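Residue numbers (the working numbering): 1 to 545.
We put the beta carbon where it would ideally sit given N, CA and C, even for glycine.
Keep in mind the model is a prediction, meaning the values are calculated, not measured.
Please read the structure below before turning to the comments.
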C-alpha cells in the first residue's frame, strides 16, 4: 500500500486555513498515487487549541470542515486529527482520529491516554476513549492511535500514569500496520528518544509503525516534524524533514526509502528549532518585521542571527543604545554585527535620558547611594526606546535574555525583559555560546570579539556577570539539575557542587518567580522551560535548605 504521511504546520484556530492545507496535501498525495493519506493530531484545529475549545461554535465549526476533506478525498483513504463531541457523561469532547474512505466516514477513533503533565492539559477538555480501534482498509487491518496512546512505556513516561495500554491491546488484534498521529512538542534530542520508543512499539505489535507528527511553532511550543516509519524488525524505513513541512510517500511493500541526513548535533537542532519557532510566532501573530536591542554582547548577537534566518535581513532592525558605562567596543561590535548581517541599524544614546531621570528622581532619592536602582533605570530606558520603535513601526520586539539569567532573576522587569517573544529564554548561557560559535562558523556573522569578551550588563563601572553570578558552566550545570531534572538540593550537592553555591542558585530561582510570570512567551527547547510546563506559585513559603 502506498501511504502519504502529511507532515503539516497547522495554525491554531485557523479552521479555514488548516482545512485548505489538508485538502492541498490530499491532492498532492493523490497525484503521487497514494492510497491512504495520514495527517497529524488535531490537524483541523491545530495543537494545542486550549480554551478555544470553550468558545461556542468553535468545535461545531471545526466539524463542519470534515465534509470538504471528504469531497477532496474521493478515491483514497484519509486519516486526520479532529475534535469530536462526547454525547455521554464526562468532558464534552474527544481528541479523535477521523477516517474517511472514498468520501465516506468510516470511523472516529478516540484518544485513550490524555496527558496532563508538563505542557499538556488534555484532561481539562477531553474525555478519554474506552478502547483501541482498528480499521479495515484495502485488505489491511490498521491499528489507530493518537500521540500519547503509543507512549505508555516505563522507559519513556515520567511514571506509571495509565492503566490502559492501547499498543498492547492492538498487538492482540493481529494488525498489519500501526498508525500514530501526533502533535508531540520538541525538546533537544527528543526525536532520538521517540525513535527508540517507536522501534520498540513496532516490535511489540509485530507490524510496521507509521508516526505522523505535526511541525511548526504554536506560541512557545515548537514541533519538529520528523515523522517516521519503523518496521517490526527494528529498521527505520522512512523519515520526514526536521522543522519544515513534508509529504512522505511510503510503500509498505517497497521496503526502506532514502532517508534524509539526520541532524548532526544538538546545536544544529536548536538553531533549527528556534528559527522555526521565531518565524511561526511572527507569522501567526501577523508580524513581518522585528527589532532587537544590540548590546554588543553574545545574546543579542545570536538573537539577531536567528531573526535573519527566520525573517530575512531586510526585516530586522538592530538598535544600539550606548549609556554612561558602555565600553566603546560595545557599539563597535554591535555595528560590525549589523553590517555583517546586512540588517538595519540605529544608534539611540541614553545618556541624556538617564541624566534627566536621575534629576527628576533626585528630590525623592536625596543623598542615597547609587545601587541596582540606577542600574535597572538604564535597562528600563532601553526597554522604553525599543517598545516605542516596536509601536511606531509595527515591529515585533525580541527580548534577548537567556535561561541562565531568567532563572536567577539577573534581568530587569520592564527593561531587558520587554518584548513580544523571548527567543533564548530556554537556552542556557553555555548553549548560547555554542550557538554563537556555530553561527560564526557557518555564516561568518558574529565577530570573534563578541564571543570571547567577558559578558557584562554594563550598568556600572567595570561590571561583569561573574561579579554577581557563579561561572556560567557551574550555574548551568546546577540549573539543569534543579530546574530540568527537579532534583532536591541535597542530591545536587552530593554530585560534587559547592553547597553554598547550590543553595544560592536554588533560592534565586524560587524568589524570582514573579519576574518570569511577567516575561514574554519563551520558546521551549529543553525538557523544562519557564512557561505553561512549569506552574509554580509566585507567593509560597517552601525554600529548600
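Starting from the Cα of residue i, find the closest Cα among the options and give me that residue.
i, options, result
"residue 287", "136, 278, 39 and 156", "278"
"residue 290", "469, 389 and 119", "389"
"residue 233", "225, 167, 209 and 438", "209"
"residue 501", "476, 292, 280 and 296", "476"
"residue 238", "470, 429 and 2", "2"
"residue 351", "338, 96, 533 and 322", "322"
"residue 18", "39, 34 and 30", "39"
"residue 80", "43, 402 and 197", "43"
"residue 167", "346, 200 and 119", "200"
"residue 49", "67, 94 and 25", "94"
"residue 428", "474, 140 and 514", "474"
May I ask you to list the residues that DSSP assigns as paired with residue i?
i, result
"residue 100", "78 and 105"
"residue 284", "In the DSSP output, where bridge partners are listed per residue, residue 284 has none listed."
"residue 110", "96"
"residue 159", "BP columns for residue 159 are empty, so no partner."
"residue 141", "136"
"residue 83", "95"
"residue 290", "316 and 396"
Give the secondary structure of residue i by DSSP, where H, G and I count as helix, E and B as strand, and everything else as coil.
i, result
"residue 362", "helix"
"residue 133", "strand"
"residue 505", "helix"
"residue 126", "strand"
"residue 442", "helix"
"residue 320", "strand"
"residue 381", "helix"
"residue 295", "coil"
"residue 344", "strand"
"residue 466", "helix"
"residue 561", "An answer regarding residue 561 cannot be provided, because it is not within the stretch 1 to 545 covered by the chain."
"residue 4", "strand"
"residue 327", "coil"
"residue 22", "helix"
"residue 146", "strand"
"residue 116", "coil"
"residue 173", "coil"
"residue 48", "coil"
"residue 89", "coil"
"residue 545", "coil"
"residue 369", "coil"
"residue 167", "helix"
"residue 355", "helix"
"residue 61", "helix"
For residue i and residue j, I'd like the C-alpha separation in whole angstroms.
i, j, result
"residue 545", "residue 489", "7 Å"
"residue 112", "residue 537", "31 Å"
"residue 483", "residue 86", "38 Å"
"residue 77", "residue 431", "45 Å"
"residue 185", "residue 142", "25 Å"
"residue 22", "residue 52", "20 Å"
"residue 205", "residue 152", "14 Å"
"residue 207", "residue 316", "49 Å"
"residue 271", "residue 216", "14 Å"
"residue 194", "residue 517", "31 Å"
"residue 555", "residue 418", "Examination of residue 555 is not possible in this model, given that the chain is present from 1 through 545 alone."
"residue 377", "residue 211", "51 Å"
"residue 71", "residue 187", "37 Å"
"residue 478", "residue 526", "15 Å"
"residue 284", "residue 274", "15 Å"
"residue 535", "residue 253", "47 Å"
"residue 61", "residue 89", "22 Å"
"residue 203", "residue 543", "46 Å"
"residue 47", "residue 450", "38 Å"
"residue 179", "residue 394", "44 Å"
"residue 66", "residue 150", "25 Å"
"residue 246", "residue 223", "13 Å"
"residue 135", "residue 171", "14 Å"
"residue 344", "residue 36", "48 Å"
"residue 469", "residue 357", "28 Å"
"residue 121", "residue 198", "23 Å"
"residue 546", "residue 119", "Residue coverage of the chain in this structure runs from 1 to 545, which leaves residue 546 outside it and unanswerable."
Run the proximity test for residue i: is its beta-carbon closer than 8 Å to any non-hydrogen atom belonging to the ligand FAD?
i, result
"residue 440", "By its list of ligands, the structure shown contains no ligand whatsoever, and the ligand FAD lies outside what it can speak to."
(message) Please give the ranges of any alpha helix (DSSP H) in the region 227-252, keeping only runs that are unbroken, at least 4 residues long and fully inside the region.
(response) For secondary structure counted as the alpha helix (DSSP H) over 4 or more consecutive residues, the region 227-252 holds no complete run.
(message) If we require 4 or more residues per run, which alpha helix (DSSP H) segments fall completely within the region 394-426?
(response) Listed in chain order, they are 403-408.
(message) Which runs of the alpha helix (DSSP H) at least 4 residues long sit entirely within the region 176-226? Give them in chain order.
(response) 190-205, all fully within the region 176-226.
(request) Just list the alpha helix (DSSP H) runs in the region 469-528, keeping only unbroken ones of 4 residues or longer that don't cross its boundaries, in chain order. (result) The qualifying runs are 472-479, 489-494, 499-511 and 513-517.
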